[in-house]
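Q:
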Amino acid sequence: MSKIVKTDEQWLEQLGPEAFKVTRKKGTEYPGTGKFLNHSEKGLYVCTCCQAPLFTFDSKFNAHCGWPAFDQSIDGAVEYIKDHSNGMTRIEILCTNCDSHLGHIFDDGPTETGKRYCVNSLSLSFIPS
Ligand SMILES: [Zn+2]
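Okay, so the sequence shown: first residue is 139 according to the working numbering, each after it adds one.
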């Protein structure tokens with residue numbers, strides 16, 4: 139599968155400035171502000187850039203960290219790379235299909251997967267089921 143590649147101008151036009159900054163420039167939305175933070179409808183969370191399915195509603199949990207959290211992704215939907223920014227070593231998570239920045243993954247999840255996918259609401263769109 140080949141990745142979706144667009145210019146910054148094309149992404150900016152499609153996404154608007156806020157989502158562009160987070161998804162294409164590895165930004166982070168201000169904690170506690172995301173539209174999906176307390177969102178608990180049934181459905182599918184997809185990449186806001188390319189609409190690839192990323193997370194199902196039943197993997198979402200409330201991590202009280204200020205961002206939407208999931209305990210697993212849809213198989214193959216997410217790529218993991220080491221991120222050394224801001225003086226920390228973290229694992230960044232990206233959309234496999236278009237390299238959109240989603241957030242970071244941590245090993246302190248409370249469910250049986252032990253994972254916490256900490257994702258910016260601005261990186262997601264939602265399709266109700
Ligand atoms: Zn994508």
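Note that beta-carbon positions come from the ideal geometry of N, C-alpha and C, so glycine has one too.
Measure the CB-CB distance between Leu182 and Ser267 and report whether it falls below 9 Å.
A: Within the sequence shown, the letter at position 44 stands for residue 182. Within the sequence shown, the letter at position 129 stands for residue 267. The answer is yes: Cβ separation under 9 Å.
Q: Over what stretch of residues does the alpha helix (DSSP H) that includes Lys159 continue unbroken?
A: The count along the sequence shown starts at 1 and reaches residue 159 at position 21. Run containing Lys159: Pro155 to Lys163, per the alpha helix (DSSP H) assignment.
Q: Do the region 200 to 213 and the region 245 to 263 make contact, defined as three or more Cβ pairs closer than 8 Å?
A: Segments in contact, yes.
Q: If you drop the 5 nearest sequence neighbours on each side, which residues of the same chain put their C-beta closer than 8 Å to that of Trp149?
A: On the sequence shown, position 11 is the one that residue 149 refers to. Taken in chain order, the residues that qualify are Phe158, Thr161, Arg162 and Cys187.
Q: For Ala207, write down the residues that DSSP places opposite it in a beta bridge.
A: Start at 1 with the first residue of the sequence shown, and residue 207 comes out as number 69. Note: Ala207 sits in a beta bridge opposite Phe199 and Cys256.
Q: Taking DSSP's pairing of strands, which residues face Tyr168 in a bridge?
A: Position 30 of the sequence shown, counting from 1, holds the residue named residue 168. Per DSSP, none; premise fails for Tyr168.
Q: Taking 8 Å as the line, does the beta carbon of Ser238 fall inside it for any heavy atom of ligand 2?
A: This structure lacks ligand 2; the ligands present are ligand 1.
Q: Going by other Cβ atoms of all chains shown within 10 Å of its Cβ, with 16 needed for buried, is Ser140 buried or exposed?
A: Here the question's residue 140 lines up with position 2 in the sequence shown. Looking at its Cβ environment, which holds fewer than 16 other Cβ atoms inside 10 Å, Ser140 is exposed.
Q: Just the Cα atoms here: how many angstroms apart are Ser261 and Pro155?
A: By 1-based counting over the sequence shown, the position of residue 261 is 123. By 1-based counting over the sequence shown, the position of residue 155 is 17. If you take the alpha carbons of Ser261 and Pro155, they lie about 12 Å apart.
Q: Would you call Glu167 buried or exposed, if buried means 16 or more other Cβ atoms sit within 10 Å of its Cβ?
A: Looking up residue 167 in the sequence shown gives position 29. So Glu167 counts as buried.
Q: Return the chain-ordered list of same chain residues with a C-beta closer than 8 Å to the C-beta of Asn176, the five sequence neighbours on each side being excluded.
A: The residue labelled residue 176 in the question sits at position 38 within the sequence shown. Excluding positions up to five away in sequence, the list reads Asn200.
Q: Run through DSSP, which three-state label would Asp245 get?
A: Translated into positions along the sequence shown, residue 245 becomes position 107. The answer is coil: DSSP assigns Asp245 none of H, G, I, E or B.
Q: If you measure from the CB of Asp256, is any heavy atom of ligand 1 nearer than 8 Å?
A: What you label residue 256 is simply residue 118 of the sequence shown in a count that begins at 1. Sequence check: residue 256 is Cys here, not Asp. For ligand 1, not one heavy atom lies less than 8 Å from the Cβ of Cys256.
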